[in-house]
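Novice: One structure is given below, represented as structure tokens, and several questions about it will come after.
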Amino acid sequence: MDLSQNNQVDLLYLTNPNFKIKYNKEKIRLINDEDIKFYRKRILQDTKAHLRGHTETLDITNAFERFAMELINYYKFIDKQKLIQEEYKNLPKKISKKPENFKLLEENELIMNKPSVIKKTIKDFIPIVVRERSHRKIVIPKVKTYDLKNIKNREKEKSNQFITDGKKTEKGKNEKGKNEKG
Numbered sequence: 010m011d012l013s014q015n016n017q018v019d020l021l022y023l024t025n026p027n028f029k030i031k032y033n034k035e036k037i038r039l040i041n042d043e044d045i046k047f048y049r050k051r052i053l054q055d056t057k058a059h060l061r062g063h064t065e066t067l068d069i070t071n072a073f074e075r076f077a078m079e080l081i082n083y084y085k086f087i088d089k090q091k092l093i094q095e096e097y098k099n100l101p102k103k104i105s106k107k108p109e110n111f112k113l114l115e116e117n118e119l120i121m122n123k124p125s126v127i128k129k130t131i132k133d134f135i136p137i138v139v140r141e142r143s144h145r146k147i148v149i150p151k152v153k154t155y156d157l158k159n160i161k162n163r164e165k166e167k168s169n170q171f172i173t174d175g176k177k178t179e180k181g182k183n184e185k186g187k188n189e190k191g
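If you want this note's numbering, it's the 1-based position in the sequence shown plus 9.
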């Protein structure tokens, strides 16, 4: 399976369904294959003419220059890649040694055996003394019954605060009036 196919399979199964449309969308080709087959000879003739210096329109010249620039950058990248890879040809290859006495079952057990985790509590670090609390005597309120129909409750008590004596008020007025005149 090719690496590009792996990426497509990963995208197919591991992407968020909301983003699947974005990534699985087919790229729209600007040129049909049928048109390329039909105009192949003319495309090659015009390319040769541009390489020889014969130009027809400015738009075609600009498009050809962009096309040529991309090709030149691609060729430079390929040449550079070959030169760099040639530098690493002479490196000695590492000989991989097979481990001696390798037992797969024992190695699997070592990996799968996890040491038991000892749970630490606060009692392991600090001595904790538990003191018993003295129990308080709880006073539970008792339900009292009130005799509201008692004869004492028949009449409302009168407050002394609002009861005034008529003579006291006249004296108070006379005294105030004398003080103001004098």
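Using N, Cα and C, we set each Cβ at its ideal position, and we do this for glycine too.
(1) Need the endpoints of the alpha helix (DSSP H) that H59 sits in, please.
(2) Taking only the alpha-carbon atoms, compute the straight-line gap between E116 and Q17 and give it to the nearest angstrom.
(3) Can you check whether the CB of H63 is closer than 7 Å to the CB of F73?
(4) How many Å lie between M78 and K85 at the Cα?
(5) By how many angstroms is the C-alpha of N71 removed from the C-alpha of I40?
(6) What is the rounded straight-line gap between the Cα of L23 and the Cα of N15?
(7) For the alpha helix (DSSP H) containing L119, list its first residue and its last residue.
Specialist: On the basis of the coordinates in this document:
(1) 49-61
(2) 35 Å
(3) no
(4) 11 Å
(5) 19 Å
(6) 12 Å
(7) 113-121
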